[in-house]
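2 protein chains.
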Amino acid sequence: METIDAIAALTALGHAKRLAIFRLLVVAGPAGRMAGDIGDELGVPGATLSFHLKELVHAGLITAEPQGRFVCYRAEFEAMNGLIAYLTHNCCAGSPQAECAPVAAACSPGDACC
Amino acid sequence: METIDAIAALTALGHAKRLAIFRLLVVAGPAGRMAGDIGDELGVPGATLSFHLKELVHAGLITAEPQGRFVCYRAEFEAMNGLIAYLTHNCCAGSPQAECAPVAAACSPGDACC
DNA sequence: CAATTGTTTCCATAAAACTAGAATAGTGGA
DNA sequence: TCCACTATTCTAGTTTTATGGAAACAATTG
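Line by line, the protein sequences are chains A and B.
In terms of the working numbering, the first sequence opens at residue 1 and continues consecutively.
In terms of the working numbering, the second sequence opens at residue 1001 and continues consecutively.
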């Protein structure tokens, strides 16, 4: 992931409503969620929701797939993992220190996160 | 990590100069870097640098330790890993899918990142 | 075709963030 | 004490972003 893409992704996620939308889609997984469904769950007016969804799509964090009258939004897991890789890349100049815990630890044992 | 902390961290990182500062400190590791050193490397005026450093400290992503006339800034690796955990937590509702690559893959083999 | 439903675009207002010169404060050396 | 140096705070101007009602658009249903 390029720096400019990482900035776009981080800027998009650095907002309460957009982070909530993204997290909702991450938990939803590949099945995704419909736009109206997201709006109902988060209590966001249509116009505002559409604005934030567009921002997330533009940042490459989610994708939109029209299905008739509905639009299904899905998290872009590749972008998420790319962002994580960007943040941690070459950490400690390549000499892992005690202070610099393994990224793998982000998922604690027993945690079902992927 | 709480949602409010994740938003603060993501907002802080969603800016070109702050992301550059944070990445510099991540690569520097526990040794950290002096404020002026960072300003020289990134070509940012003092007042602007100080503003962004304060934002990062406030977001919990870095720490400041005065050393005489100088101030040493260090990345807060625990916060970084906490943020990554927040983003990926309960992904795919706990049923990892093919689309949802393991976070561990963020570090490709041979990559010295921590 | 008209009505209905889901979604987006338009637009004006409001709020927040960015920038950097100038002034200020703290430290260490002469 | 005075000075040079490092860093921060103050301040003001500029830019960017967020919000949501209203209107427009698209697709299904009657």
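Glycine included, C-beta positions come from ideal geometry on N, C-alpha and C.
- Per DSSP, E65 (chain A) is one residue of the beta strand (DSSP E) stretching across 62 to 67.
- With a threshold of 16 other beta carbon atoms within 10 Å, H1058 (chain B) falls short and is exposed.
- Pairing F1022 (chain B) with L1056 (chain B) gives a Cβ-Cβ distance under 8 Å.
- Taking a contact as a CB-CB distance under 8 Å, the pair L87 (chain A) and L1010 (chain B) does not count as one, their CB atoms being some 11 Å apart.
- For A1075 (chain B), the pairing in a beta bridge is given by DSSP as B:I1062.
- Going by beta carbons, R74 (chain A) and L19 (chain A) fall outside the 8 Å limit.
- Residue-level contact by beta carbon fails for I1062 (chain B) and chain A, as no gap is shorter than 8 Å.
- Measuring C-alpha to C-alpha distances from I1007 (chain B) to each of B:L1061, B:S1050, B:A1028 identifies B:L1061 as the nearest.
- Bridge partners of F1070 (chain B) according to DSSP: B:Q1067.
- The residue from B:F1070, B:G1043, B:C1092 with its alpha-carbon nearest to that of M1034 (chain B) is B:F1070.
- For A1008 (chain B), the enclosing alpha helix (DSSP H) begins and ends at 1003 to 1013.
- The C-beta of E65 (chain A) has fewer than 16 other C-beta atoms within 10 Å across all chains shown, which makes the residue exposed.
- Within its own chain, the residues whose Cβ lies closer than 8 Å to the Cβ of A1085 (chain B), once the five positions on either side in sequence are excluded, are M1001, listed in chain order.
- Within chain B, the C-beta atoms nearer than 9 Å to that of A16 (chain A) come from T1003, I1004, I1007, in chain order.
- Interface residue (Cβ-Cβ distance to chain B less than 8 Å): I84 (chain A) is classified as such.
- Ranked by Cα distance from G1094 (chain B), the options A:V27, A:G14, A:I4, A:T48 are led by A:V27.
- Excluding five sequence positions before and after M1080 (chain B), none of the CB atoms of its chain fall closer than 6 Å to its own CB.
- Annotation for A16 (chain A): no residue places its beta carbon closer than 6 Å to its own, counting only its chain and skipping 5 residues before and after.
- With a 10 Å radius around the Cβ and a threshold of 16 neighbouring Cβ atoms, I4 (chain A) comes out exposed.
- A residue is called buried when at least 16 other Cβ atoms come within 10 angstroms of its Cβ; E41 (chain A) does not meet this threshold and is exposed.
- Nearest in C-alpha terms to P30 (chain A), of all of A:L13, A:D37, A:T63, A:F51, is A:T63.
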